[in-house]
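Visitor:
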Amino acid sequence: MKKILVLFYYVLNSIRFIPHIVVLYLSKNTILWDDAKFWMKCFGKEWGGVLSIFKLLIDHREFRSLFYYRIRIAKLFSFLAPGQTNLYICTPNIGKGLFIHHGFSTVISAKSIGEYCWINQQVTIGHTVQGSPVIGNNVLIAAGAIVVGGITVEDNVTIGAGTTVNKSIPANSLVVGAKPRILENNNRHPMDCL
1 MKKILVLFYY VLNSIRFIPH IVVLYLSKNT ILWDDAKFWM KCFGKEWGGV LSIFKLLIDH
61 REFRSLFYYR IRIAKLFSFL APGQTNLYIC TPNIGKGLFI HHGFSTVISA KSIGEYCWIN
121 QQVTIGHTVQ GSPVIGNNVL IAAGAIVVGG ITVEDNVTIG AGTTVNKSIP ANSLVVGAKP
181 RILENNNRHP MDCL
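The opening residue of the sequence shown carries number 1 in my numbering; numbering runs sequentially from there.
(1) Should phenylalanine 79 go down as buried or exposed, given a rule of 16 or more other Cβ atoms within 10 Å for buried?
(2) Let me check one thing: in DSSP terms, what residues is arginine 181 bridge-paired to?
(3) Would you say histidine 20 and phenylalanine 67 are within 8 angstroms of each other, going by their C-beta atoms?
(4) Is the CB-CB distance between alanine 195 and threonine 163 below 8 angstroms?
(5) Give me the Cα-Cα distance between isoleucine 4 and phenylalanine 43, rounded to the nearest whole angstrom.
(6) Of all the options Ala74, Gln122, Gly114 and Arg70, which has the alpha carbon lying nearest to the alpha carbon of threonine 195?
(7) Using alpha carbons as the reference points, say which of Val148, Arg72 and Asn156 lies closest to alanine 178.
(8) Would you mind working out which of Ala36, Asn93, Lys96 and Ile94 sits nearest aspartate 59, comparing C-alpha positions?
(9) Tell whether a beta-carbon distance below 8 angstroms holds between asparagine 137 and glycine 114.
(10) Kindly list the residues whose CB is nearer than 7 angstroms to the CB of threonine 91, restricted to its own chain and excluding five residues on each side of it in sequence; keep chain order.
(11) Look at the alpha carbon of valine 22 and the alpha carbon of phenylalanine 38, and state the distance between them as a whole number of angstroms.
(12) Applying the criterion that 16 or more other CB atoms from any shown protein chain within 10 Å of the CB defines a buried residue, is glycine 131 buried or exposed?
(13) Along the chain, which unbroken stretches of the beta strand (DSSP E) at least 3 residues long are found entirely within the stretch 84 to 133?
(14) Within 10 angstroms of its Cβ, does serine 168 collect 16 or more other Cβ (buried), or is it exposed?
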């Protein structure tokens, strides 16, 4: 009985996302397909395609916000399914595979963000008079972290929870603390758990 109710829930909800899927196909946006595949991988699923897009749009407001960012015209349909409250994405260039986990109270305002990055809740990526940060590939920014200024966070970096970063970080680093310090510098990928 529970499986039938779950199926019924997804079938009914998918109706409101049909305009989103039509716009996705018409836009020929390939990056969003990569985003969906990476999101499903982060949730431990190995399937993709249009069903994963439907599931992510139904279940995750953060994905809806990313969807509206990637396909601006789709914002017209946001009244059917709003994105995450207090999630602001104002970065001109974001690579494929951006995963926003619990994106509540998060500001993403970098100069650019590379591919396959993971951003948690209550993260602030913002500018100062020195400019906006450049975030590399495979960067994980944990809950409550602050990354500000005209700095560069290179590839394969993990920024710990609550860490404030206002200086450039070299590749393959783990950074923690209110006064950031690099604990290790190795070739470990920050998302090896995936």
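Even glycine gets a Cβ: it sits at the ideal position worked out from N, Cα and C.
Guide: With the structure as the only source:
(1) Locating residue 79 in the sequence shown gives position 79, where the first residue counts as 1. That one is exposed.
(2) Against the sequence shown, residue 181 aligns to sequence position 181. Partner(s): Val176.
(3) Within the sequence shown, the letter at position 20 stands for residue 20. Within the sequence shown, the letter at position 67 stands for residue 67. In contact: histidine 20 and phenylalanine 67 (Cβ atoms closer than 8 angstroms).
(4) The first residue shown for the chain is 1 and the last is 194, placing residue 195 beyond what the model contains.
(5) For the purposes of this step, residue 4 is taken as the residue at position 4 of the sequence shown. For the purposes of this step, residue 43 is taken as the residue at position 43 of the sequence shown. Approximately 22 angstroms between the Cα atoms of the pair.
(6) Examination of residue 195 is not possible in this model, given that the chain is present from 1 through 194 alone.
(7) The count along the sequence shown starts at 1 and reaches residue 178 at position 178. Alanine 178 has its Cα closest to that of Val148, out of Val148, Arg72 and Asn156.
(8) Here residue 59 refers to the residue found at position 59 of the sequence shown. It is Ala36 whose Cα lies nearest to the Cα of aspartate 59.
(9) As a working note, residue 137 is residue 137 in the sequence shown. As a working note, residue 114 is residue 114 in the sequence shown. Yes. Within cutoff.
(10) The residue labelled residue 91 in the question sits at position 91 within the sequence shown. Ile108, Ser109, Ala110, Ser112 and Ile113, listed in sequence order.
(11) In the sequence shown, the residue the question calls residue 22 occupies position 22. In the sequence shown, the residue the question calls residue 38 occupies position 38. Near 21 angstroms, if we compare the C-alpha coordinates of phenylalanine 38 and valine 22.
(12) To locate residue 131, count along the sequence shown from 1; it is residue 131. Classification of glycine 131: exposed, given that the 10 Å Cβ count is below 16.
(13) 87 to 89, 106 to 108 and 124 to 126
(14) Stepping through the sequence shown from its first residue, residue 168 is reached at position 168. Exposed, by the Cβ-count rule.
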